[in-house]
Ligand code: BGC
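Numbering (our numbering), first residue to last: 17 to 404.
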């Protein structure tokens with residue numbers, strides 16, 4: 017039995033390497049396959065008593081794992097709507113499929129997230145899905161996971177500087193930023209007359225690998241317009257480090273906006289602000305209202321309920337939708353593939369994480385303005401109901 021499982025593990029690793037064409041993924045665990053399976057098996061036996069796979073032989077023969085296996089999901093925090101949705105959707109959908117989910121969020125505290133992942137390993141998780149607080153701080157705990165034969169899937173954010181990651185499911189992060197930059201330009205032209213336009217720039221939490229990518233994408237669109245004099249960053253703050261918002265904390269963004277307005281706009285109108293997500297966008301709009309400014313063109317991300325309403329009312333110019341249900345569905349599709357012994361699905365996209373080229377399962381975000389909101393949310397009854 018033990019031997020059969022060892023073989024199965026090695027087969028799974030080989031299959032996934034073939035599927036990935038050798039890019040990133042499960043290479044790490046193949047290297048440690050000799051020592052890994054024993055621990056993984058012990059864990060599996062505790063978490064998922066001998067039923068389906070042992071009886072039918074299907075999953076284990078193909079190198080998969082028990083259909084009722086434990087699956088860990090480690091989220092960075094629940095401070096924005098997307099993570100709350102992920103918490104609910106993973107719990108409900110994994111349960112509905114017969115898995116045993118352990119879904120936890122870590123309140124922006126790296127040691128807490130490390131500990132939660134550690135206990136998922138101890139509880140025999142066969143796959144751990146991770147949205148890292150800090151892309152660079154999980155290397156050793158994820159290496160432990162890999163050595164225990166656990167698959168690691170990054171969720172929404174890249175996992176950096178480790179080879180202990182099998183793939184990442186996310187919306188294109190540079191692409192998202194490009195869309196935000198373009199939407200800011202479009203909104204200025206549509207709503208603020210002729211340029212040049214006075215703008216300010218905000219970035220997300222610097223530990224989150226998405227945040228610099230969002231900013232880079234946006235600046236690829238905005239920088240040429242700044243250089244041409246069509247956009248004026250009145251504060252002069254155009255570096256990511258100057259514009260970032262520690263921990264994605266809306267109140268910190270609001271304070272920065274208050275001081276930018278007080279220091280630079282007492283005699284000027286602010287026409288537009290690049291915001292990396294909806295929460296920060298609403299904080300920026302509130303600061304502008306408090307300062308007696310006409311509401312500038314403000315971008316966003318996440319299609320949070322409150323921002324969908326604000327977009328519909330014309331208060332926030334746009335958001336970018338990156339539907340959690342699509343991200344969760346894709347992740348569960350990958351978990352099913354692993355469970356059935358089919359390894360990580362093939363993908364053409366990779367991202368270098370500082371150590372390896374990681375397979376990326378990339379979805380497309382979409383800009384939402386008042387004009388297309390009804391269409392974008394036609395299959396999302398909850399958000400559609402907000403457009404009235
Ligand atoms: C996610 C965004 C979210 C932000 C803050 C990012 O990594 O992609 O959807 O708004 O984190 O939670």
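Where is the CB? At the ideal position from N, CA and C, for every residue including glycine.
Secondary structure, beta strand (DSSP E): runs of 3+ residues fully inside the stretch 242-324: 247-249, 288-290
Nearest by alpha-carbon distance to residue 298: which of 287, 266, 309, 286 is it? Counting from 1 along the chain shown, the entry for residue 298 is found at position 282. Of the candidates 287, 266, 309, 286, the one whose C-alpha sits nearest the C-alpha of residue 298 is 266.
Alpha-carbon to alpha-carbon, residue 272 and residue 218: Your numbering for residue 218 matches position 202 in the chain shown. Your numbering for residue 272 matches position 256 in the chain shown. Residue 218 and residue 272 have their C-alpha atoms spaced approximately 9 Å apart.
Check whether the Cβ atoms of residue 129 and residue 148 sit closer than 9 Å, and answer yes or no. Reading the chain shown from its first residue, position 113 is the one you call residue 129. Reading the chain shown from its first residue, position 132 is the one you call residue 148. Taking 9 Å as the Cβ cut-off, residue 129 and residue 148 qualify as a contacting pair.
Which of the three DSSP states, helix, strand or coil, is assigned to residue 215? Here residue 215 corresponds to residue number 199 of the chain shown, with the count starting at 1. In this structure, residue 215 counts as strand in the three-state DSSP scheme.
Note down, in chain order, each residue of its chain lying with its Cβ closer than 8 Å to the Cβ of residue 380, except the 5 sequence neighbours on either side. Taking the first residue of the chain shown as 1, we reach residue 380 at position 364. Only 187, 188, 191 meet the Cβ criterion.
Rounded distance between the beta-carbons of residue 253 and residue 286, thought under 8 Å: If you number the chain shown from 1, residue 286 lands on position 270. If you number the chain shown from 1, residue 253 lands on position 237. Their Cβ separation, rounded to whole angstroms, is 13 Å, which puts residue 286 and residue 253 out of contact at 8 Å.
From the beta carbon of residue 377, is the nearest beta carbon of chain B less than 9 Å away? Absent from the structure is chain B; it holds one protein chain and no more.
Consult DSSP for residue 197 and reduce its assignment to one of helix, strand or coil. Translated into positions along the chain shown, residue 197 becomes position 181. Helix, per DSSP.
Taking residue 100 as the reference, give the member of 81, 370, 122 with the closest Cα. On the chain shown, residue 100 is found 84 positions in, with the first residue counted as 1. Checked all of 81, 370, 122; the closest Cα to residue 100 is 122.
Using a Cβ distance threshold of 8 Å, determine whether the stretch 208-216 contacts the stretch 235-251, with at least three qualifying pairs required. yes
Within 10 Å of its beta-carbon, does residue 293 have 16 or more other beta-carbons around it, so buried, or fewer, so exposed? On the chain shown, residue 293 is found 277 positions in, with the first residue counted as 1. Classification for residue 293: buried.
Could you give the distance in angstroms between the alpha-carbon of residue 256 and the alpha-carbon of residue 394? Counting from one through the chain shown, the residue named residue 256 turns up at place 240. Counting from one through the chain shown, the residue named residue 394 turns up at place 378. Straight-line Cα distance between these residues: approximately 35 Å.
With respect to the alpha helix (DSSP H) encompassing residue 134, which residues constitute its N-terminal and C-terminal limits? Along the chain shown, read from residue 1 onward, the residue named residue 134 stands at position 118. 126-138 is the span of the alpha helix (DSSP H), which, as asked, contains residue 134.
Would the C-beta of residue 294 count as close to the ligand BGC, meaning under 8 Å from any of its heavy atoms? Looking up residue 294 in the chain shown gives position 278. Within the cutoff, so yes.
Residue range of the unbroken beta strand (DSSP E) whose run includes residue 367: Within the chain shown, residue 367 is the residue found at index 351, counting from 1. Segment 366-368, the beta strand (DSSP E) holding residue 367.
DSSP three-state call for residue 187: helix, strand or coil? For the purposes of this step, residue 187 is taken as the residue at position 171 of the chain shown. Reduced to three states, the DSSP call for residue 187 is strand.
Using 8 Å as the cut-off, classify the Cβ of residue 93 as near or not near the heavy atoms of the ligand BGC, replying yes or no. The residue given as residue 93 occupies position 77 in the chain shown. Result yes, Cβ under 8 Å from the ligand BGC.
Kindly give me the distance between the Cβ atoms of residue 87 and residue 142, rounded to whole angstroms, as I take these residues to be in contact under 8 Å. Walking along the chain shown from the start, residue 87 turns up at place 71. Walking along the chain shown from the start, residue 142 turns up at place 126. Going by Cβ atoms, the distance from residue 87 to residue 142 rounds to 7 Å, so yes, they are a contact pair.
What would DSSP say about residue 87, mapped onto helix, strand or coil? Counting from one through the chain shown, the residue named residue 87 turns up at place 71. In the structure shown, residue 87 sits in a strand (DSSP, three-state: E or B).
Test item: CB-CB of residue 89 and residue 137 under 9 Å: Here residue 89 corresponds to residue number 73 of the chain shown, with the count starting at 1. Here residue 137 corresponds to residue number 121 of the chain shown, with the count starting at 1. No; because the gap between Cβ atoms is not below 9 Å, this pair is not in contact.
Could you tell me which of 223, 317, 306 sits nearest to residue 281, measuring between CA atoms? Within the chain shown, numbered from 1, the residue matching residue 281 stands at position 265. Cα-wise, what sits closest to residue 281 is 306.
Measure the CB-CB distance between residue 185 and residue 376 and report whether it falls below 9 Å. Position 169 of the chain shown, counted from the first residue, corresponds to residue 185. Position 360 of the chain shown, counted from the first residue, corresponds to residue 376. Contact: yes.
Local conformation of residue 202 per DSSP, three classes: One-based indexing of the chain shown puts residue 202 at position 186. Helix at residue 202.
Can you give me the C-alpha to C-alpha distance between residue 373 and residue 98, rounded to a whole angstrom? In the chain shown, counting from the first residue as 1, residue 373 sits at position 357. In the chain shown, counting from the first residue as 1, residue 98 sits at position 82. For residue 373 and residue 98, the distance between alpha carbons rounds to 26 Å.
Check each candidate in 275, 116, 332 and name the one with the smallest Cα separation from residue 85. The residue labelled residue 85 in the question sits at position 69 within the chain shown. Closest in alpha carbon position to residue 85, among 275, 116, 332, is 116.
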